[in-house]
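Trainee: Going down the list, the sequences are from chains S and W. Just so we're aligned, residue 1011 is where the first sequence starts under our numbering, counting upward by one. Just so we're aligned, residue 1011 is where the second sequence starts under our numbering, counting upward by one. Handing you this structure, nothing more for now.
Protein chains: 2
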Amino acid sequence: MLEDKNQERTSLADLGEFGLINHLTKHFKMYNSTTLKGVGDDAAVISKSEKEILVTTDLLVEGVHFDLSYMPLKHLGYKAVMVNLSDVYAMNGVAEQITVSIAVSNRFPLEALEELYAGIQLACDTYKVDLIGGDTTSSTKGMLISVTALGSAKKEDIVYRNGANATDLIVVSGDLGAAYLGLQVLEREKQVFQVNPENQPDLDSYTYLIERQLKPEARKDVPELLKEMEVKPTSMIDISDGLSSEIMHICTQSKVGCKIYEDKLPLDPQVISTSEEFNMDSTMIALSGGEDYELLFTVPIADFDKIKGNPNFSIIGHITEENEGMNLVTRANQEMELKAQGWNSFKG
Amino acid sequence: MLEDKNQERTSLADLGEFGLINHLTKHFKMYNSTTLKGVGDDAAVISKSEKEILVTTDLLVEGVHFDLSYMPLKHLGYKAVMVNLSDVYAMNGVAEQITVSIAVSNRFPLEALEELYAGIQLACDTYKVDLIGGDTTSSTKGMLISVTALGSAKKEDIVYRNGANATDLIVVSGDLGAAYLGLQVLEREKQVFQVNPENQPDLDSYTYLIERQLKPEARKDVPELLKEMEVKPTSMIDISDGLSSEIMHICTQSKVGCKIYEDKLPLDPQVISTSEEFNMDSTMIALSGGEDYELLFTVPIADFDKIKGNPNFSIIGHITEENEGMNLVTRANQEMELKAQGWNSFKG
């Protein structure tokens, strides 16, 4: 018997907005005692707290931020949450609640939204975050997801972008560039598939890259680790647009310069081999790739001993006086001015 | 000399995302001492508070929720904020912060976004609300606005949808149905214009209706008034989808029934005259029209004297036992079951 691909397609129009929200959110658990009232009233209610509240929001648009031809909906839901939690962790905070709003065209059946929400739920369960509200509506074209995340931190623990000082060490968690190369691999496979749909791709040598692109993890562990290590960064930011763009935000807001050392950039072996295969410069990819969702932070030089041997962290440079500018020191010991090649969604 | 309509069109691509956000938000003032950090870091920071935090979000999509052929962008920005503040007031709270995310296609120049943000800023200034963050990105088609509003209220002051009791009075602020009829008038004018662009519309007899559609005001004054009057509603909701749909939310969540009296529904004279002109039933419009952003609430019958003479409020019925159902009592004293004709964006 031939597969009936339409066997389980439920129209969104049949459910209506309230039925749909209820259907998609009824199995979500609440993890935080601060969540007094979640989905189901005019507004959610979060209890008063001894900590400050952190608020961040991000918008993901089909055809701009994601391509459903290789991004499974469950992964998309997961990633949409990660992108936002990452911003809370970048303030040295704990993420506690999210709202999720989606706009979808009629081409999406209920089952597609169930997949999307399965990914959102997995993210909530894994990161102990509560879905407390949102909006669900139709669009005239494609899918759009808007997530707002709320978190908390003690006032004295919050880390802004503007506190870096000359001589501070520049530290990054994890490794860089893999998510961007994962996207290049997926784009190439999509083009191969369009030419020859029978082709079976062998993606074994790109598994790490693809996972970093399709299922990024926000670094919830970093604020926890820093606390254990008794290190409070002087500035911190998450790497969504690429290292160059992010270190430039820190330098501009802190009114300082920086030196980044090319030979210190943490690269996974798959990043090195795949950069070569694509004839791309791995340093350029680490600097400008984006979507790594690692944390970039600065610490006083006195914390060097606490950071240096930790496998989660790489010291990649140091902060300088503002008039020294923002520079990359190459392997050949030449200084080049850093340029933000961060992604601009308005450029075609 | 012929007018050059393109004389002031600045491409969004030239500014980039960070330049754009900075350009659009730099003139916003901060009104609330709880706003510790607004736009410009990974997350905004709101100070800890003696009150609970209220959070609500709404998504407006071009072609679904608004039509730019008759909705000026400044009004759209204003309305996008109102829709969200209304939800905070419906919890009996005070709105304090908003985040605004927008996705726009390349057809919009910078000047269009400036108009949109002028409306957002006017709303912030008028309602003393702080813009604390957001996201700005491109879309493949049209414009989309996602707003999240935060507010606060003492725990004992918060009003949910689920507290209505049998014999409670049902009260509504302002009048009903005008925003919906305003939309009908604008849709008709659009069609006339398409047939004959030279036609000069005479909209004098619809000014109130059009204003209610294009520039709704959220009822910030109602929670303040209720406090002065020492009335705490047992339940409250804002009217975004039409009276029927909203009273049914209150009844379902409170496990009660209701009787609404047709002759008590507050209608502006323009609603009555224009309903006749459109051959529509004004009661039906009041029940199902939507977008009024008035507040619907229930109070104990003991508060009758406090409410009755107040020009801001109309007592339109009372809560009953659940088994009596949800009914409209017509002018002819007949009971009809209420039906939610609330808007379903997924129906074509």
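Cβ atoms here follow ideal geometry from the backbone N, Cα and C, with glycine treated the same way.
1) Taking CB distances under 9 Å as the criterion, tell me whether Arg1171/W reaches chain S.
2) Please compile the residues from chain S whose C-beta is within a distance smaller than 8 Å of the C-beta of Asp1097/W.
3) Note the first and the last residue of the continuous beta strand (DSSP E) segment covering Gly1152/S.
4) Of all Cβ atoms in chain W, is any one closer than 9 Å to the Cβ of Gly1358/S?
5) Which chain B residues are close to Ile1247/S, counting only those with a beta carbon under 9 Å from its beta carbon?
6) Counting beta carbon pairs with one atom in the segment 1186 to 1194 of chain S and one in the segment 1293 to 1304 of chain S, are three or more of them shorter than 8 Å?
7) Answer yes or no: do Gly1173/W and Gly1103/W have a C-beta to C-beta separation smaller than 9 Å?
8) Show which residues of chain S have a CB atom less than 8 Å away from the CB atom of Met1101/W.
9) Taking the beta carbon of Lys1349/W as the centre, do at least 16 other beta carbons fall within 10 Å, making it buried, or is it exposed?
10) So that I know if they touch, is there some Cβ in chain W lying closer than 9 Å to that of Glu1332/S?
11) Residues of the segment 1127 to 1144 of chain W with a CB closer than 7 Å to any CB of chain S: list them in chain order, please.
12) Using only alpha-carbon positions, find the residue among Leu1046/W, Leu1120/W and Leu1275/W that is nearest to Asn1032/W.
13) Does any CB atom of chain S fall closer than 9 Å to the CB of Lys1349/W?
14) The beta strand (DSSP E) with Ser1148/S in it runs from where to where?
15) Per the DSSP calculation, Glu1345/S is bridged to which residue(s)?
16) What are the boundary residues of the alpha helix (DSSP H) that includes Tyr1190/S?
17) For a contact defined as C-beta to C-beta under 7 Å, what are the partners of Asp1068/W on chain S?
18) Quick check on DSSP: helix, strand or coil for Thr1158/W?
19) Could you tell me whether any Cβ in chain W is nearer than 9 Å to the Cβ of Ile1180/S?
20) Please report the Cβ distance between Asp990/S and Ala1100/S, rounded to the nearest whole angstrom; I am assuming they are in contact, meaning their Cβ atoms lie under 8 Å.
21) Using the C-alpha atoms, what's the distance from Pro1207/S back to Asn1016/W?
22) When you compare each of Leu1070/S, Ala1296/S, Thr1150/S and Gln1204/S to Phe1118/S by their alpha carbons, which one comes out closest?
23) Against chain W, with Cβ distances strictly below 9 Å, would Lys1165/S count as a contact?
24) Report the residue ranges of all beta strand (DSSP E) runs contained in full by the segment 1159 to 1183 of chain S; include only those spanning at least 3 residues, in chain order.
25) Quick check: the Cα distance between Ser1250/W and Val1093/W, rounded to an integer number of angstroms?
26) I'd like to know whether the C-beta of Leu1297/W is nearer than 9 Å to at least one C-beta of chain S.
27) When the distance is taken between beta carbons, is Val1071/S closer than 9 Å to Phe1123/S?
28) Using a beta-carbon distance below 9 Å, is Glu1062/S in contact with chain W?
29) Ile1142/W and Val1065/S look like a contact to me (Cβ under 8 Å); what is the Cβ gap, rounded to whole Å?
30) Compare the C-beta of Gly1152/W against all C-beta atoms of chain S and say whether one is closer than 9 Å.
31) Between which two residues does the alpha helix (DSSP H) harbouring Thr1066/S extend?
32) Counting only beta-carbon atoms, is Gln1263/S nearer than 9 Å to chain W?
33) Using a Cβ-Cβ cutoff of less than 6 Å, which residues in the same chain neighbour Ser1156/W once the five nearest sequence positions on both sides are dropped?
34) Under 9 Å, do Val1182/S and Phe1323/S count as touching if we go by C-beta distance?
35) I need the straight-line Cα distance from Thr1158/W to Thr1244/S, nearest angstrom please.
36) Once you ignore the five residues that flank Glu1199/S on each side, which residues in its own chain have a CB closer than 6 Å to its CB?
Mentor: Taking the geometry as given:
1) Working through the second sequence from its first residue, we reach residue 1171/W at position 161. Closer than 9 Å to some Cβ of chain S, the Cβ of Arg1171/W qualifies, so yes.
2) Position 87 of the second sequence, counted from the first residue, corresponds to residue 1097/W. Residues of chain S passing the Cβ test: Asp1052 and Ala1053.
3) Numbered from 1 along the first sequence, position 142 holds the residue referred to as residue 1152/S. The continuous stretches of beta strand (DSSP E) do not include Gly1152/S, and DSSP gives it neither H nor E.
4) In the first sequence, counting from the first residue as 1, residue 1358/S sits at position 348. Because the pLDDT at Gly1358/S is just 45, under 50, the model does not fix this residue reliably, and the point stays unresolved.
5) The structure shown has no chain B; the protein chains it does contain are S and W.
6) Enough Cβ pairs lie closer than 8 Å, so yes.
7) For the purposes of this step, residue 1173/W is taken as residue 163 along the second sequence, with counting starting at 1. For the purposes of this step, residue 1103/W is taken as residue 93 along the second sequence, with counting starting at 1. In this structure, Gly1103/W does not lie closer than 9 Å to Gly1173/W by Cβ.
8) Locating residue 1101/W in the second sequence gives position 91, where the first residue counts as 1. Simply Asp1051, Asp1052, Ala1053 and Val1055.
9) Walking along the second sequence from the start, residue 1349/W turns up at place 339. Counting Cβ neighbours within 10 Å, Lys1349/W comes out exposed, since fewer than 16 surround it.
10) Mapped onto the first sequence, residue 1332/S falls at position 322. Taking Cβ atoms only, chain W never reaches closer than 9 Å to Glu1332/S, which makes this a no.
11) Among the residues of the segment 1127 to 1144 of chain W, those with a Cβ less than 7 Å away from any Cβ of chain S are Ile1142, Gly1143 and Gly1144, in the order of the chain.
12) Start at 1 with the first residue of the second sequence, and residue 1032/W comes out as number 22. Of all alpha-carbon atoms in Leu1046/W, Leu1120/W and Leu1275/W, the one lying nearest the alpha-carbon of Asn1032/W is that of Leu1120/W.
13) Numbered from 1 along the second sequence, position 339 holds the residue referred to as residue 1349/W. Residue contact with chain S for Lys1349/W: absent (no Cβ-Cβ distance below 9 Å to any residue of chain S).
14) Against the first sequence, residue 1148/S aligns to sequence position 138. That run of the beta strand (DSSP E) goes Asp1140 to Ser1148.
15) As a first step, residue 1345/S must be located in the first sequence, where it is residue number 335. Beta-bridge partners assigned by DSSP to Glu1345/S: Val1339/S.
16) Along the first sequence, one-based indexing puts residue 1190/S at 180. Residues Ala1188 to Val1205.
17) Taking the first residue of the second sequence as position 1, residue 1068/W is located at position 58. Within 7 Å Cβ-Cβ: Asp1145.
18) Within the second sequence, residue 1158/W is the residue found at index 148, counting from 1. Thr1158/W falls in the strand class under three-state DSSP.
19) Looking up residue 1180/S in the first sequence gives position 170. For Ile1180/S, the answer is no, since every Cβ of chain W falls outside 9 Å of its Cβ.
20) With chain S represented from 1011 up to 1358, any question about residue 990/S goes unanswered, as that position is not in the structure.
21) Here the question's residue 1016/W lines up with position 6 in the second sequence. Here the question's residue 1207/S lines up with position 197 in the first sequence. For Asn1016/W, the predicted structure reports a pLDDT of 48, less than 50, and the residue's modelled location is therefore unreliable. A value from the coordinates is still provided. Here the alpha carbon of Asn1016/W sits roughly 45 Å from the alpha carbon of Pro1207/S.
22) Against the first sequence, residue 1118/S aligns to sequence position 108. Nearest of Leu1070/S, Ala1296/S, Thr1150/S and Gln1204/S to Phe1118/S, Cα basis: Thr1150/S.
23) As a working mapping, residue 1165/S is identified with position 155 in the first sequence. True, the Cβ-Cβ gap to chain W drops below 9 Å.
24) Fully enclosed beta strand (DSSP E) runs of no fewer than 3 residues occupy 1179 to 1183 of the segment 1159 to 1183 of chain S, in order along the chain.
25) Position 240 of the second sequence, counted from the start, is the residue given in the question as residue 1250/W. Position 83 of the second sequence, counted from the start, is the residue given in the question as residue 1093/W. Approximately 8 Å, taken between the alpha carbons.
26) As a first step, residue 1297/W is located in the second sequence; it is residue number 287 there, counting from the start. Not one beta carbon of chain S lies nearer than 9 Å to the beta carbon of Leu1297/W.
27) As a position in the first sequence, residue 1123/S is number 113, starting the count at 1. As a position in the first sequence, residue 1071/S is number 61, starting the count at 1. Contrary to the premise, residue 1123/S reads as Leu rather than Phe in this sequence. In this structure, Val1071/S does not lie closer than 9 Å to Leu1123/S by Cβ.
28) Start at 1 with the first residue of the first sequence, and residue 1062/S comes out as number 52. So yes, Glu1062/S belongs to the interface.
29) Position 132 of the second sequence holds residue 1142/W. Position 55 of the first sequence holds residue 1065/S. Sure, about 6 Å apart at Cβ, within 8 Å.
30) The residue labelled residue 1152/W in the question sits at position 142 within the second sequence. Closer than 9 Å to the CB of Gly1152/W there is at least one CB belonging to chain S.
31) Walking along the first sequence from the start, residue 1066/S turns up at place 56. Taken as a continuous stretch (DSSP letters only), Thr1066/S belongs to no alpha helix (DSSP H), being part of the beta strand (DSSP E) at Glu1062 to Val1071.
32) The sequence position of residue 1263/S within the first sequence is 253, counting from 1. Cβ-Cβ to chain W under 9 Å: yes for Gln1263/S.
33) Position 146 of the second sequence, counted from the start, is the residue given in the question as residue 1156/W. Non-local beta-carbon contacts of Ser1156/W in its own chain, meaning distances under 6 Å to residues more than five positions away in sequence, involve Leu1069 and Ser1111 in chain order.
34) If you number the first sequence from 1, residue 1182/S lands on position 172. If you number the first sequence from 1, residue 1323/S lands on position 313. The criterion of a C-beta distance shorter than 9 Å is satisfied by Val1182/S and Phe1323/S.
35) Here residue 1158/W is taken as the residue at index 148 of the second sequence, counted from 1. Here residue 1244/S is taken as the residue at index 234 of the first sequence, counted from 1. Between Thr1158/W and Thr1244/S, the alpha-carbon positions lie close to 30 Å from each other.
36) The residue labelled residue 1199/S in the question sits at position 189 within the first sequence. Closer than 6 Å at Cβ, skipping near neighbours: Pro1211.
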